[in-house]
Amino acid sequence: MFSTLFQRGRNKAELNSAMRYEDLTKAFAELRPGFSPQEAVTEASLCIKCEDAPCAKACPAGIDVSKFIRQIALRNFTGAIKVIKENNILAGICARICPQSLLCEGQCNSSELSKPIKIGRLQRFAADQEMAKGPKPLRSLREKAIRVAVVVSGPDR
Ligand code: SF4
Numbered sequence: 001m002f003s004t005l006f007q008r009g010r011n012k013a014e015l016n017s018a019m020r021y022e023d024l025t026k027a028f029a030e031l032r033p034g035f036s037p038q039e040a041v042t043e044a045s046l047c048i049k050c051e052d053a054p055c056a057k058a059c060p061a062g063i064d065v066s067k068f069i070r071q072i073a074l075r076n077f078t079g080a081i082k083v084i085k086e087n088n089i090l091a092g093i094c095a096r097i098c099p100q101s102l103l104c105e106g107q108c109n110s111s112e113l114s115k116p117i118k119i120g121r122l123q124r125f126a127a128d129q130e131m132a133k134g135p136k137p138l139r140s141l142r143e144k145a146i147r148v149a150v151v152v153s154g155p156d157r
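First residue of the sequence shown: 1, per the working numbering; consecutive thereafter.
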């Protein structure tokens, strides 16, 4: 719809009036539906709780993957997001954009038995459960003796 308006060279006011909330909601709708609580619990129950937990070792954010999955299997969804947020406050975003097949899911021992645990979708579920209760203020990560640098770039003027 927006591209059609652009193609016709309509003016900005016309374009703005076309950008109704419903249009934006549709334009940014999720491509895949998330897990229902029962689906999440069922998937989490497939985790074999590996002693070495290669999934966690492969997580660049250092999330204790098997621990948060265990919380979901126990229906403790609040506990699950707490475990994730100990190391990653951007749980919902990373669940959607992280290449899990190359990281945690790529190392999942369960793939030897059948297929890897859907870790990314479980993380998304935990984050979405929290979001459904309303926005929460960001809190700082617990202090760590590390330094970080943030490098940004933008368009040239
Ligand atoms: S590697 Fe897979 S099966 Fe093992 S603890 Fe991690 S998620 Fe569970």
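Note that the Cβ used here is the ideal one computed from N, Cα and C, for glycine as well.
In this text the structure is predicted, and so the values were computed from the model without any measurement.
For residue j and residue i, the rounded distance between their alpha carbons
i    : j    : result
K67  : E86  : 12 Å
E30  : L24  : 12 Å
C98  : R20  : 30 Å
Q123 : N109 : 18 Å
D128 : F77  : 10 Å
A95  : L46  : 19 Å
C50  : T42  : 17 Å
Per-residue DSSP class, three states only, for residue i
i    : result
E112 : helix
R147 : coil
P54  : helix
P99  : coil
K67  : helix
G120 : helix
F163 : The structure shown has nothing for residue 163, since the chain only spans 1 to 157.
Residue burial classification, residue i (beta-carbon count within 10 angstroms, cutoff 16)
i    : result
K38  : The residue asked about is misnamed: residue 38 is Gln in this sequence, not Lys. Per the 10 Å Cβ criterion, exposed.
G154 : exposed
R121 : buried
K118 : buried
L102 : exposed
V245 : Because the chain is modelled from 1 through 157, residue 245 falls outside the range shown and cannot be assessed.
Which listed residue (the options) has its alpha carbon closest to that of residue i
i   : options                : result
D52 : I97, Q100, Q107, N88   : Q107
G34 : A132, V148, I146, V150 : A132
Task: Closer than 6 Å: residues whose CB approaches a heavy atom of the ligand SF4 - done: Counting every residue whose Cβ lies closer than 6 Å to a heavy atom of the ligand SF4, we get C47, I48, K49, C50, A53, P54, C55, V65, S66, I69, C108, N109, S110, I117, I119.
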